[in-house]
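One structure is given here, and the rest of the page talks about it.
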Amino acid sequence: MKAITSLAVWTRQVGVSSCTVWRWRKQGWLKTVNIAGKLYLTAEAIEEFNDRASRGEFARQPVMPRREEACA
């Protein structure tokens with residue numbers, strides 16, 4: 058049997074909000090398994106996510122606010 062971790066536990070360990078994890082799942086960055094209505098992560102999914110993050114696949118250029126937005 059593959060090692061699994063509760064998504065809620067992993068979220069606390071990583072130190073991000075549940076909204077952030079929801080966005081990561083929606084974008085396909087984090088693959089979860091639904092078991093009896095609860096979400097879990099396999100060790101392989103966590104490793105894949107960490108590998109992709111360390112390669113910078115999720116990074117994007119910062120967006121500078123337009124002048125009128127910055128002065129408002």
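Each residue of the sequence shown is one higher than the one before, starting from 58 at the first, in my numbering.
Heads up, the beta-carbon is just placed ideally off N, CA and C, and yes, glycines get one too.
Next on the checklist: Could you tell me the alpha carbon to alpha carbon distance between P122 and T99, rounded to whole angstroms?
Outcome noted: For the purposes of this step, residue 122 is taken as residue 65 along the sequence shown, with counting starting at 1. For the purposes of this step, residue 99 is taken as residue 42 along the sequence shown, with counting starting at 1. P122 and T99 have their alpha carbons spaced roughly 39 angstroms apart.
Next on the checklist: Report the CB separation of A102 from L87 in whole angstroms; it is logged as a contact under 8 angstroms.
Outcome noted: Position 45 of the sequence shown, counted from the start, is the residue given in the question as residue 102. Position 30 of the sequence shown, counted from the start, is the residue given in the question as residue 87. Yes, they are in contact, since the Cβ atoms of A102 and L87 sit about 7 angstroms apart, within 8 angstroms.
Item to check | Rounded straight-line distance, which links the Cα of R124 to that of A60 | outcome: Position 3 of the sequence shown, counted from the first residue, corresponds to residue 60. Position 67 of the sequence shown, counted from the first residue, corresponds to residue 124. One C-alpha to the other measures close to 50 angstroms.
Next on the checklist: According to DSSP, simplified to helix, strand and coil, what is T77?
Outcome noted: For the purposes of this step, residue 77 is taken as the residue at position 20 of the sequence shown. Under the three-state reduction of DSSP output, T77 falls in the helix class.
Next on the checklist: Which complete beta strand (DSSP E) runs does the region 91-117 hold, if anything under 3 residues is left out?
Outcome noted: Whole beta strand (DSSP E) segments, 3+ residues: 95-99.
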